[in-house]
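Numbering (the numbering used here), first residue to last: 5 to 82.
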């Protein structure tokens, strides 16, 4: 009835730590740039913070694929 049991791998905990590290490093970079960004026009600040708030997501998809499959590329669909 049940499929083969999958053994837990080290990739998921390592991937979660990598995700937390990426978020921490990104937050530190943005906070350290906030003094410079704060001197800009409010509309430009909004655009910068909007982009900075979304761009950190870019490395997450390959990292999550790696956590599941062991490869940074998505497996081919059939």
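Built from N, CA and C at the ideal position, the CB exists for glycine as well.
Outcome for residue i when other beta-carbon atoms lying within 10 angstroms are tallied against a minimum of 16
i	result
residue 5	Its pLDDT being 49, under 50, residue 5 is placed unreliably in this model, and the coordinates cannot settle the point.
Endpoints, the alpha helix (DSSP H) within which residue i is located
i	result
residue 57	46-59
residue 16	15-41
residue 65	64-73
Distance CB(residue i)-CB(residue j) smaller than 8 Å
i	j	result
residue 64	residue 16	no
residue 56	residue 34	yes
residue 41	residue 49	yes
residue 69	residue 62	no
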